[in-house]
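Quick mapping for you: the protein sequence lines, in order, are chains C, U, H and R. If you're matching positions, the first sequence starts at 2 in the working numbering and goes up one per residue. If you're matching positions, the second sequence starts at 2 in the working numbering and goes up one per residue. If you're matching positions, the third sequence starts at 2 in the working numbering and goes up one per residue. If you're matching positions, the fourth sequence starts at 2 in the working numbering and goes up one per residue. See structure below.
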Amino acid sequence: MLFARYAELLGSERVEVDLPERATADDLINALRQLPGGALLPPQPFVAMNHAQVRAGQRLAPGAEIALLPPLAGG
Amino acid sequence: MLFARYAELLGSERVEVDLPERATADDLINALRQLPGGALLPPQPFVAMNHAQVRAGQRLAPGAEIALLPPLAGG
Amino acid sequence: MPRLSHSPLDLEALVEAIAQPSQGAVATFAGLVRDHHAGRAVTRLAYSAYEPMAEAACEAIIAEAQQRFGVRADLRHRLGDVPIGEAAVVIVAAAAHRAEAFDAVRWMIDEVKSRVPIWKRERYADGTEAWVDPTVPDGIVAARQSP
Amino acid sequence: MPRLSHSPLDLEALVEAIAQPSQGAVATFAGLVRDHHAGRAVTRLAYSAYEPMAEAACEAIIAEAQQRFGVRADLRHRLGDVPIGEAAVVIVAAAAHRAEAFDAVRWMIDEVKSRVPIWKRERYADGTEAWVDPTVPDGIVAARQSP
């Protein structure tokens with residue numbers, strides 16, 4: 002799932018990418034950066050899996066809800 | 002003028018005492034402590050003259066509004 | 002404008018009056034009448050003031066807060082009988098940034114407690130009454146049966 | 002109970018719901034939509050959120066504040082279009098003593114800004130729009146003519 006500016010960049014709030022098994026958040030970002038508009042994504046955006054922040058190098062669970070979060074601006 | 006507990010002690014919100022010319026707040030306190038109930042006044046209560054705190058040793062101006070203020074409990 | 006009031010205080014009205022489209026941070030404080038003090042159950046409470054001096058002190062606190070913290074500020078203090086749970090004092094500060102708003106409100110409530118000539122008489126569930134005195138260990142002058 | 006709302010936020014209702022006769026100190030913070038940002042005149046503003054994660058983050062902040070500071074606390078964040086001058090966020094904490102209430106509110110607004118997935122899009126008087134990004138020097142991603 003993509004939000005706010007990132008959704009604008011890729012033209013959608015939901016995208017599907019094929020990833021190898023045992024892929025990490027970095028693999029996902031690299032795949033997204035190949036998509037049209039994806040080159041403007043930052044190299045290390047905030048990634049959430051099932052509503053919790055993904056740590057660097059953490060594997061993505063198959064079927065999990067993965068979200069890329071632009072810099073927060075609430076409050 | 003007396004307020005709150007001090008008014009209760011002396012039984013009135015306004016008392017008149019005769020003071021010498023050039024009297025200070027200490028002179029006033031001493032005179033008030035001679036009145037019925039006045040012995041329970043503390044030796045150094047907060048004194049205000051025309052709505053401003055009186056400093057130790059400051060003279061009381063004739064005709065000024067003098068008030069004895071118990072410990073504040075607002076807020 | 003009087004800062005002392007015998008009627009219930011309206012925090013929302015104070016916030017609306019102070020807020021401006023250029024100042025996005027509004028901090029407030031409300032001091033509500035508690036149902037206990039010094040280990041006793043409080044059933045009612047009344048505030049009295051040396052009114053002209055208390056008004057002047059409130060004005061001075063507001064003006065100083067605005068000067069010191071660069072905020073717009075206001076406050077109200079209730080007098081007379083105040084039911085348990087209602088506000089005895091409400092304070093508001095609006096600023097461009099939240100740090101100044103918080104600092105101003107915190108400073109103002111400290112100043113209200115230390116320089117506004119207001120007194121508080123509590124009545125307890127056992128029928129006694131006492132003057133509140135923050136300078137003594139128990140917080141009250143010995144409670145006595147009320148007349 | 003949802004902490005995110007598409008309707009105007011009601012600070013007074015939040016204060017009334019949180020106050021208890023045993024807790025006399027109530028501190029609040031309201032963040033209002035300002036009419037300017039990054040040197041530009043703002044004409045409107047819309048918040049969006051990753052809603053389930055944002056709700057969970059708000060719940061966590063409230064629970065942690067209550068635990069850390071021994072207060073009763075609550076907050077609301079507005080979503081969607083918010084007119085200038087209306088509240089984007091309101092926070093309240095009630096405690097027996099004022100220090101805890103102030104500390105809790107201050108901590109909560111910092112946490113809301115740093116961990117709740119909410120984004121803000123501003124529209125300016127010149128017709129351009131931009132995403133607000135507190136991590137860049139100007140505070141916004143370059144404003145572009147809106148479609």
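By construction, the Cβ of each residue, glycine as well, lies at the ideal position given by its N, Cα and C atoms. Small disclaimer: the values here were computed from a predicted structure and weren't measured.
Between R/V117 and R/A50, the gap from beta carbon to beta carbon is short of 9 angstroms. Per DSSP, the continuous beta strand (DSSP E) segment holding R/Y48 begins and ends at 41 to 50. In the three-state DSSP reduction, C/S13 falls in the coil class, being neither helix nor strand.
R/F30 sits in a strand when the DSSP states are folded into three classes. In this structure, DSSP gives H/E56 a helical state, which the three-state scheme calls helix. If the five residues before and after H/G140 are omitted, its C-beta is found closer than 8 angstroms to the C-beta atoms of H38, A39, V133, D134, all from its own chain and listed in chain order. For H/I92, the uninterrupted beta strand (DSSP E) segment begins and ends at 88 to 96. Proximity of H/D36 to chain R, defined by a Cβ-Cβ separation below 9 angstroms, is satisfied. Between R/R77 and R/A95, the C-beta gap is not smaller than 9 angstroms, which leaves the two residues out of contact.
Residues of the stretch 25 to 45 of chain U with a Cβ closer than 8 angstroms to any Cβ of chain H: none. Our two residues, U/L41 and R/Q67, have alpha carbons roughly 45 angstroms apart in a direct line.
Residue pairing by DSSP puts R/Y125 in a beta bridge opposite R/V43. Secondary structure of U/G39 (DSSP, three-state): helix. Contact annotation for H/V133 against chain U: A74 [CB-CB distance below 8 angstroms, chain order]. Residue burial is scored here from C-beta neighbours: R/V91 has at least 16 other C-beta atoms within 10 angstroms and is therefore classed as buried.
Pairing R/V34 with R/A126 gives a Cβ-Cβ distance that is not under 9 angstroms. When the Cα atoms are used, U/R60 and R/A14 turn out to be separated by approximately 52 angstroms.
In this structure, U/L29 is the residue among U/P37, U/S13, U/L29 with its C-alpha nearest to the C-alpha of U/P63. Segment contact: the stretch 11 to 28 of chain U against the stretch 51 to 59 of chain U, three or more CB-CB distances shorter than 8 angstroms; contact assigned. Identification of residues in the stretch 51 to 67 of chain H having a C-beta nearer than 7 angstroms to some C-beta of chain U yields Y51, P53, M54, A57, given in sequence order.
At least 9 angstroms separates the beta-carbon of R/A88 from that of R/L46. Cβ-Cβ distances below 6 angstroms link C/N51 to A65, E66 in the same chain, with the five nearest sequence neighbours on each side left out; the list follows chain order. Residues of chain U with a Cβ closer than 7 angstroms to the Cβ of H/H7 do not exist, since the nearest Cβ in that chain sits about 15 angstroms away. Annotation: Cβ neighbours of H/F30 in chain R (cutoff 9 angstroms, chain order): A26, V27, A28, T29, R99, A102, F103. Residues of chain R whose Cβ lies closer than 8 angstroms to the Cβ of C/L11 do not exist, since the nearest Cβ in that chain is about 14 angstroms away. R/E130 carries a strand assignment under DSSP once its states are collapsed to helix, strand and coil. Per DSSP, C/F47 is one residue of the beta strand (DSSP E) stretching across 47 to 50. Annotation: C/P43 to H/V83 spans about 58 angstroms, alpha carbon to alpha carbon. Residue environment analysis places C/P71 among the buried positions, since at least 16 neighbouring C-beta atoms fall within 10 angstroms of its C-beta.
Per DSSP, H/A14 is not a residue of any beta strand (DSSP E); the alpha helix (DSSP H) it occupies stretches across 12 to 19. The Cβ atoms of H/V27 and H/A102 lie closer than 9 angstroms to each other. Residue state for H/S8 is assigned as coil, using DSSP reduced to three classes. In the assembly as shown, R/D111 is an exposed residue. Its beta-carbon has fewer than 16 other beta-carbons within 10 Å.
Secondary-structure assignment with DSSP links C/T25 through a beta bridge to C/R60. Under the 9 angstroms criterion on CB atoms, C/P63 is classed as non-interfacial with respect to chain R. Neighbours of R/I85 in chain H, taken as residues whose beta carbon is under 8 angstroms from its own, are P22 in chain order.
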